[in-house]
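A.B. asks: Here the protein sequences line up with chains A and B, keeping their order. Remember, this note's numbering sits 9 above the position in the first sequence when you count from 1. Remember, this note's numbering sits 26 above the position in the second sequence when you count from 1. What follows is a single structure, and I will ask about it in a moment.
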Amino acid sequence: MATAPKHDPSLGSGKGWVFRATDVTKIYGEDVVANDGISLSVEPGEVFGLLGPNGAGKSTLVKQIIGLLAPDSGSITLGSHDLVADPGVARQLCSYLPQAQMPIDSFRSREAIELTGLIRGGDRPEVRRRAGELIEALDIQEWERSTGQQLSGGVKRLVGFAMVACIPGRVVILDEPTNDVDPLRRRLLWDQIRVLGDSGVAVFLVTHNVLEAEKSVDRLAIIDRGKLIAQGTPSSLKADDRARMRLQVMLVPGSDTPELPAFVQDHARVSHNLLTVVGEADASHAIRWAQGLMDAGIAEEYALGATSLEDVYIRLTGDQSEEPLAASGGA
Amino acid sequence: MAALDAEFKIRRGLSYWWDGYTRMVRWEFIDIRGIAVFAIVIQLVIGALFVLGVGLFFDDIPLRSAQYLTTGSFVVCLITVAMVAAPQIIAAQKMSQQYEYRWSLPVPRSAATLAWFTVALAIGLPGALVALVVGAIRYGVTYDVSAMIVPAVFAGLLTAGLIGYAMAHTLKPMVAQLTATALLFVVLGFAPINFPPENLPGWLATLNLWLPFYPMAVVVRSALLPGEAGNVAQSYLVLGAWAIGCGAAVIWAIGRRK
């Protein structure tokens, strides 16, 4: 079911303002550079993904947008508003779902959503209507009257999203919104994120779940060790990998990485999962090689497919999404 | 600026402040809903038992001691909430990362802070009043309540609250919790709240003139007991200085972004 915040002419036109971070640098203590000259912009109606491994500096950037931290240099603006100079305005213009769970243990779900809507400046009938719509759209009616401490982590996450989306700011910042959410409701949540964007809100989505982000964002940036290392649409980022394919070989647990043939252009090993990149022209060789590994008892199975955003991500950051395991060699 | 504000529907001014305040009062009430009744009952029990318990130190409590005990307990109850429980709760919020979310809400920080105090006062006041009632019944203490009780309670609570709030916002959470606990013993044992300052060594009595605890007791007592003067004007000045100092620390701490 498609639901949307009431159409606001100044919001929904999708014109006239841009959220912009310019050369944002944040240094903790003497020399820990959490953000290093980050520049990006998000337009109204756009779902923008910020991807990066743990500790890359994603949450630090978000906290500077909402005014919880101040950058050491650089600017953050929304239209003509300077969000760094006026954090009070930043809090009105941006709504924020933090990575940690919402502090709503004593709140009933609907109560938390409605009160947040009122705090965000919504009027009572509008807030009630929106809360009802979101509860239905996220399929959490069953827990409408449950208190936060009775909710599972995933449902609490969905209530948190509804709190943020009830009366959204111009920019909605979602820090890992799908954490703990079951696969079915994840889809409902992604639908609602898209609906938010379509209503004219700029959605700023922080995640390390590359596979989900690939399907849902309009544009994205990849951040690693505080630096922005790539930015563009998912397909533009995959452009370099267009003539390449991904061969994934599941090795027998405990076995060594086999010797790689010359046509393997890139590889990474995560646990017993060997990820390799091969040219399209070498696809048949790759299948024969993988089949040989299985015949020799080194591999259990393999899969050959088009490269995904995850391959780009691994190539750029040397990290595997959702699996904080060390990649050996490769990328 | 006004055109820009209108374009983005930026809210400012008194009605924005008031809406934020009333909604945050509701937020804070809901937040402690599960333990509110328990917390109030505990405060009532502390208020009553403290007055009765300390009376057991005496075979036959003299009237002046009883007066000090009951009015002092009134002050101690308010201090317990504003200066001890409040920083401990904020420290717990900080440790569970709730604190950041609260500060990301679009509410003026002064409104959010005052909302928090409103709820703390609602929890603490019944216990403080019970101390006075129990003192009257058990020891026959009579009160001559003057209108000055309003500024006295306000000044005492504001100062105690700002000290507690400054501790909570400037110290590391664990340090704030331990300091708040330690402060309770200082207040009970070494500040002439429940006993006259003459009972202390001279230097400690003098020191207490400049610390905030004794002046809180002086201003409250002078508004409750007939013929009880003390140095009320100086006490208000000392409380004012502490409130301003801690208020500045609070404004710095909650306005600061690391």
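Yeah, the Cβ is synthetic: ideal placement off N, Cα and C, and Gly gets one too.
1. What in chain A is Cβ-close to Glu126 of chain B, meaning under 7 Å?
2. In whole angstroms, what separates the C-alpha of Gly60 of chain B from that of Ser115 of chain A?
3. Around the Cβ of Thr125 of chain A, are there at least 16 other Cβ atoms within 10 angstroms (buried) or fewer (exposed)?
4. Indicate whether Pro80 of chain A and Val41 of chain A have their beta-carbon atoms separated by less than 8 Å.
5. Is the shortest distance between the beta-carbon of Ile128 of chain A and the beta-carbons of chain B less than 8 Å?
6. Just to confirm before moving on: does the CB-CB distance between Arg234 of chain A and Thr316 of chain A stay below 8 Å?
7. Name the chain A residues whose beta carbon is nearer than 9 Å to that of Leu95 of chain B?
8. Looking at the unbroken alpha helix (DSSP H) that takes in Gln203 of chain B, where does it start and where does it end?
9. Secondary structure at Val71 of chain A, three-state DSSP: helix, strand or coil?
10. Could you pull the start and end residues of the alpha helix (DSSP H) that Phe64 of chain B belongs to?
11. Measure the C-alpha to C-alpha separation of Gln203 of chain B and Met193 of chain B and round it to an integer number of angstroms.
12. How long is the line joining the alpha carbons of Ser155 of chain A and Ile113 of chain A, rounded to whole angstroms?
13. Quick one: is Phe285 of chain B buried, meaning 16 or more other Cβ sit within 10 Å of its Cβ, or exposed?
14. Report yes if the C-beta of Ser122 of chain B is less than 7 Å from at least one heavy atom of the ligand ADP; otherwise report no.
15. Should the region 191-208 of chain A be called in touch with the region 230-249 of chain A, which here means at least 3 C-beta pairs below 8 Å?
16. Taking 8 Å as the threshold (C-beta atoms), are Pro177 of chain A and Tyr127 of chain B in contact?
17. Just to confirm, are Gly163 of chain A and Asp132 of chain A a CB contact at a threshold of 8 Å?
18. Would you decide whether Tyr94 of chain B is buried or exposed? Buried here means 16 or more other CB atoms lie within 10 Å of its CB.
19. Going by DSSP, what residues sit across from Lys236 of chain A in a beta bridge?
20. When DSSP labels each residue in this structure, what does Phe57 of chain A get in the three-state scheme?
21. At a CB-CB cut-off below 9 Å, which residues of chain A make contact with Val258 of chain B?
22. Give the DSSP-derived three-state secondary structure of His217 of chain A in the structure shown.
23. I'd like to check one pair, His217 of chain A with Asn44 of chain A: are the Cβ atoms closer than 8 Å?
24. Got a sec? Which residues, its chain only, sit under 6 Å from Val80 of chain B by beta carbon, not counting five neighbours each side?
25. Can you check whether the CB of Ile202 of chain A is closer than 8 Å to the CB of Val212 of chain A?
26. Do Arg137 of chain A and Glu123 of chain A have their beta-carbon atoms positioned less than 8 Å apart in this structure?
27. Go ahead and label Glu331 of chain A buried or exposed: buried means 16 or more other beta carbons lie within 10 angstroms of its beta carbon, across all protein chains shown.
28. Against Asp57 of chain B, what residues of chain A qualify as contacts under a CB-to-CB distance less than 9 Å, listed in chain order?
29. Contact criterion: CB-CB distance below 8 Å. Does Val98 of chain A meet it with respect to chain B?
30. Between Ile36 of chain B and chain A, is there a C-beta pair that is closer than 8 Å?
31. Spell out whether any CB of chain B is found under 8 Å from the CB atom of Gly209 of chain A.
32. Check the Cβ of Val133 of chain B against every Cβ in chain A and list those closer than 7 Å, keeping chain order.
33. Using the DSSP secondary-structure output, state which residues sit across from Asp275 of chain A in a beta bridge.
34. Using DSSP with H/G/I as helix, E/B as strand and the rest coil, what is Gly339 of chain A?
35. Mind listing the chain B neighbours of Gln101 of chain A? Cutoff is C-beta to C-beta under 7 Å, in chain order.
36. Would you kindly check if the distance between the Cβ of Trp129 of chain B and the Cβ of Leu77 of chain A is under 8 Å?
C.D. replies: In this structure, then:
1. Simply Leu77, Pro107.
2. Roughly 7 Å separates the two Cα atoms.
3. That one is buried.
4. Result no, Cβ atoms of Pro80 of chain A and Val41 of chain A do not sit closer than 8 Å.
5. Among the residues facing chain B, Ile128 of chain A is included, as its CB has a counterpart in that chain under 8 Å away.
6. Cβ atoms of Arg234 of chain A and Thr316 of chain A: not closer than 8 Å.
7. In chain order: nothing, as chain A lies at least about 36 Å away.
8. Going by DSSP, Gln203 of chain B is part of the alpha helix (DSSP H) stretching over 199-216.
9. Helix at Val71 of chain A.
10. According to the DSSP assignment, Phe64 of chain B belongs to the alpha helix (DSSP H) that extends over 59-81.
11. The straight-line gap separating the alpha-carbon atoms of Gln203 of chain B and Met193 of chain B is approximately 9 Å.
12. So the two alpha carbons sit approximately 11 Å from each other.
13. Outside the shown range of chain B, which is 27 to 284, sits residue 285 of chain B, and nothing can be said about it.
14. Within the structure as shown, the ligand ADP is missing, as the structure has no ligands at all.
15. The region 191-208 of chain A is not in contact with the region 230-249 of chain A.
16. Not closer than 8 Å, so no.
17. Contact check for Gly163 of chain A against Asp132 of chain A fails: the beta carbons are separated by 8 Å or more.
18. Around the beta carbon of Tyr94 of chain B, 16 or more other beta carbons sit within 10 angstroms, so the residue counts as buried.
19. Lys236 of chain A is bridged by DSSP to A:Asp233.
20. Collapsing the DSSP output to three states places Phe57 of chain A in a strand.
21. Here the premise fails: no neighbours, minimum Cβ distance about 39 Å.
22. DSSP places His217 of chain A in coil when its eight states are reduced to three.
23. Result no, Cβ atoms of Asn44 of chain A and His217 of chain A do not sit closer than 8 Å.
24. Here the set comprises Leu95.
25. Contact flag set, yes.
26. In contact: Glu123 of chain A and Arg137 of chain A (Cβ atoms closer than 8 Å).
27. Bear in mind that a pLDDT of 43 at Glu331 of chain A, under 50, signals an unreliable position, so the model cannot answer this.
28. The contacting residues are Pro112, Ile113, Asp114, Ser115, Phe116.
29. Chain B contact via Cβ: present.
30. At least one beta carbon of chain A lies nearer than 8 Å to the beta carbon of Ile36 of chain B.
31. No - not a single Cβ of chain B is within 8 Å of the one on Gly209 of chain A.
32. Correct list: Ile128.
33. For Asp275 of chain A, the pairing in a beta bridge is given by DSSP as A:Val286.
34. Only weak support is given to the placement of Gly339 of chain A: the predicted model assigns it a pLDDT of 32, under 50, and the value that follows is read from those uncertain coordinates. Collapsing the DSSP output to three states places Gly339 of chain A in coil.
35. Near Gln101 of chain A (Cβ distances below 7 Å), the residues of chain B are Ile36, Arg37, Pro132.
36. Yes. Within cutoff.
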